[in-house]
Amino acid sequence: MTTQSASSAAALPPPSPTGSRGSHRGRGSASRPGRRRGHRAAAEARAGLLLSLPFVVLFGIFIAWPVLQSMFMSFTDMRITDIRSPFAVDFVGLDNYIAAFHDPVFRRAALNTGVFVLVGVPLTIIAGLSAAIALNRGALKLRGLFRMGFYTPVVTSIVAVAVVWRFLLQPENGLVNTVLGWVGIDGPNWLGDERTALLSLIVMAVWRNFGTSMVIFLAGLQAVDRGLHEAAALDGANAWQRFRNITIPSIRPTLLFVLVTTSIGYLQFFEEPFVMTGGGPLNSTISASMYTYNQFGFGNYGMAGAMAYLTFIVIGIVTLAQFRLMREK
Amino acid sequence: MIERRSPVLTYVILTAFLLLVITPFVWMILGSVKTQGELLRVPPTWLPEEPTWDNFRRLFDRPFGHYFRNSTVVAIAVTLGNLIFSSMFGYALAHLTFPFKRVLFVLVLVCLMIPGLVTFIPQYVLVVNMGLANTIPALILPFLVQPFSVFLMRQFFLGLPRELLEAGRIDGVGEVAIFFRIYLPLAGPAFATLGILTFLGSWNNFLWPLVVSSSESTYTLPVALALISTGQNQTDYGLLLAGATLVVLPILLVFLFFQRYFIQGIATSGIK
């Protein structure tokens with residue numbers, strides 16, 4: 022209900038400026054109705070500020086200020102011992118950033134994060150879009166059931182899910198290797214082998230997250246013109262051609278949104294390696310976020326701040342690049 | 006012509022997919038009532054041969070009841086805070102004119118994109134200096150205000166007619182009272198969506214409680230589960246699966262009852 026009412030009303034033209042809204046423009050005119058409007062505008066401004074105050078104060082203290090302090094911190098040698106006097110630290114310029122680039126573990130973490138995003142994001146989008154298209158077919162019964170089932174992993178705690186997957190992926194009697202054994206495949210030690218550990222985490226992330234993209238694609242697919250599909254089918258276009266030339270262009274904004282949000286999420290992946298592999302074996306699954314957290318654990322706050330900002334900068338660049346890339350056509 | 010082709014095949018594929026997706030949960034719940042010996046057996050068993058509550062008993066020998074209460078208290082407080090503060094601010098942004106409105110809105114939007122990783126160390130320093138380290142309020146305060154919540158409430162209030170505001174003014178209702186007496190009672194659907202999403206986010210939240218909680222008195226369920234899963238109980242799968250079930254089951258039940266609000270919430274945030 023929220024969706025429909027909010028979006029349908031948002032589609033209406035904005036309400037015309039009323040007396041109270043436009044009143045500040047009429048400042049200076051000293052006529053009586055003008056002054057009454059002035060009173061009302063003042064009352065409105067007071068109410069607006071009053072209603073905003075609790076949020077804005079908490080927001081300032083707990084979000085806006087820490088964002089700024091984090092940037093400051095990344096240019097200092099702040100350590101855990103400075104926690105009581107966070108501003109009595111030495112300014113070290115870009116040293117933390119330079120040190121991060123020279124740290125082989127951080128470079129490995131950045132590489133792992135890159136692989137996680139480059140492989141995981143397309144797989145998540147493909148899985149989500151396939152599920153959405155399958156569910157969007159005409160008179161499909163049980164649609165609600167399937168949609169709910171596919172969405173279930175999204176709502177569950179990543180820590181719990183990681184524990185369960187570690188159990189599923191056990192080399193000796195895990196369910197995955199048991200099933201592979203039925204068809205004669207000798208499954209590897211998924212999480213204990215350098216070559217398969219990151220891959221396992223990617224598959225788990227796709228399993229956990231494709232439901233989100235599916236739901237968003239389902240909403241986006243409502244914008245696809247069925248008549249166009251039917252006309253193209255009559256003209257002999259096959260399913261792939263119709264998908265490529267009708268569906269994809271129609272859902273371009275949705276696709277962009279899913280691409281951007283999934284990338285932002287995956288660039289910060291943390292819980293999966295933290296709970297499942299501890300970053301191992303041999304740092305093959307350590308992520309930039311997890312290594313940042315480790316630096317915090319070691320007490321190197323300045324360094325951790327720099328690494329967090331590096332992730333933030335990469336997120337900004339990737340988001341911008343995706344917007345440009347998708348907008349060009 | 007497009008629709009008629011092989012609905013059976015679609016069903017078969019979807020069903021196979023569905024089984025694949027929910028198997029981990031089935032496996033988790035079945036495993037949580039198996040004995041340790043059965044859990045280690047090769048090949049694994051499907052149904053528990055001698056179902057036992059022993060894993061849950063061992064779980065509650067630890068203060069898991071307490072962790073459960075911590076998670077619940079924190080999630081409820083965070084949810085209430087978001088409903089109250091975000092609806093007030095969201096309404097003001099949607100319908101009122103006041104100084105700094107644009108600046109504030111842009112600031113909130115910008116912070117929507119900043120990863121939690123950037124803020125958690127200064128937040129930690131702040132909480133320590135406020136004397137709140139390792140307390141329940143420390144788990145709640147930073148999450149009372151979330152940019153996403155304001156965004157959602159603003160969108161919702163924009164969808165309600167402005168005529169209500171005008172009518173209230175004509176009837177002489179005060180500006181603040183217009184919000185509390187006229188608009189707020191209409192916010193039920195938005196509250197349902199936002200409430201569920203916030204509760205879910207708080208219940209599953211991991212990084213911040215992990216940073217702030219340093220003793221059993223303030224652990225939440227995910228933190229406690231993560232700590233036993235990386236400690237000496239690493240391979241005690243009976244205990245771990247029972248713990249995972251305890252974390253997941255309440256949310257699964259909430260989800261089953263309110264799934265349309267969940268899904269609307271995601272779709273709303275996605276379309277806008």
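In order, the protein sequences belong to chains A and B. Residue numbering for the first sequence follows the numbering used here, starting at 22 and increasing by one per position. Residue numbering for the second sequence follows the numbering used here, starting at 6 and increasing by one per position. Glycine residues also receive a C-beta, built at the ideal position from the N, C-alpha and C atoms.
Close to chain A, meaning a Cβ-Cβ distance shorter than 7 Å, is no residue of the stretch 53–79 of chain B at all. Secondary-structure assignment with DSSP links Phe112 of chain A through a beta bridge to A:Thr97.
The three-state secondary structure of Tyr224 of chain B, taken from DSSP, is coil.
Taking one beta carbon from each stretch, the stretch 316–328 of chain A and the stretch 99–112 of chain A have 3 or more pairs nearer than 8 Å; the two touch. Within 9 Å of the CB of Glu293 of chain A, no CB atom of chain B is found; the nearest one sits about 11 Å away. Non-local C-beta neighbours of Ala120 of chain A in its own chain, meaning closer than 6 Å and more than five positions away in sequence, are absent. Of all residues in the stretch 299–311 of chain A, those with a C-beta nearer than 9 Å to a C-beta of chain B are Gly299, Ala309 and Ser310, reading in chain order. Proximity of Met135 of chain B to chain A, defined by a Cβ-Cβ separation below 7 Å, is not satisfied. Taking the Cα of Met297 of chain A as reference, the smallest distance to any Cα among A:Thr217, A:Leu163 and A:Trp186 is reached at A:Trp186. For the stretch 42–78 of chain B, the full-length alpha helix (DSSP H) segments reaching 4 residues or more read 59–66 along the chain.
Contact between the stretch 293–313 of chain A and the stretch 209–224 of chain A is established, with three or more Cβ pairs separated by less than 8 Å.
Interface criterion not met: the Cβ of Glu43 of chain B is under 7 Å from no Cβ in chain A.
Following the DSSP letters along the chain, one finds Asn209 of chain B inside the alpha helix (DSSP H) bounded by residues Gly193 to Asn209. Around the Cβ of Leu215 of chain B, a 10 Å sphere holds 16 or more other Cβ atoms; the residue is buried. Against chain B, the CB of Val224 of chain A has no partner CB under 7 Å away; the residue lies outside that interface. Under the three-state reduction of DSSP output, Arg158 of chain A falls in the coil class, being neither helix nor strand. For Phe238 of chain A, the enclosing alpha helix (DSSP H) stretches over residues Ala218 to Leu242.
Shown here, Ala253 of chain A sits in a helix according to DSSP, grouped into three states.
The DSSP-derived three-state label of Met118 of chain B is coil. In terms of beta-carbon proximity, Met169 of chain A lines the interface with chain B, with at least one pair separated by less than 7 Å. For Ala121 of chain A, not one C-beta of chain B is nearer than 7 Å to its own C-beta.
Annotated three-state conformation of Thr306 of chain A is coil, per DSSP. Looking at the backbone, the Cα of Leu261 of chain B and that of Val227 of chain A are separated by about 22 Å.
Using beta-carbon distances, Leu14 of chain B does not count as an interface residue toward chain A, since no partner is under 7 Å. Taking the CA atoms as reference points, Pro209 of chain A sits about 9 Å from Gln191 of chain A.
Spanning the alpha carbons of Met93 of chain B and Leu101 of chain B requires a straight line of approximately 11 Å.
When 7 Å is used as the limit between beta carbons, Pro107 of chain A is near these residues of chain B: Val130, in chain order. Following the DSSP letters along the chain, one finds Tyr16 of chain B inside the alpha helix (DSSP H) bounded by residues Pro12 to Ser37.
Inclusion of Tyr242 of chain B and Leu64 of chain B in the CB contact set at 7 Å is not warranted, their separation being larger than that value. The closest CA to that of Asp116 of chain A, considering only A:Ile84, A:Ala327, A:Val126 and A:Ile334, is found on A:Ala327. If only complete runs of 4 or more residues are kept, the stretch 60–107 of chain A shows the alpha helix (DSSP H) at 86–95, in order along the chain. The continuous stretches of alpha helix (DSSP H) do not include Gln191 of chain A, and DSSP gives it neither H nor E. For Tyr322 of chain A, the enclosing alpha helix (DSSP H) starts and ends at Tyr322 to Arg348. Taking Leu280 of chain A as the centre and dropping the five residues before and after it, the same chain places the C-beta of Gln343 closer than 6 Å to its C-beta, in chain order. Excluding residues up to 5 positions away in sequence, Glu43 lie with their Cβ nearer than 7 Å to the Cβ of Glu54 of chain B in the same chain.
In the three-state DSSP reduction, Arg167 of chain B falls in the coil class, being neither helix nor strand.
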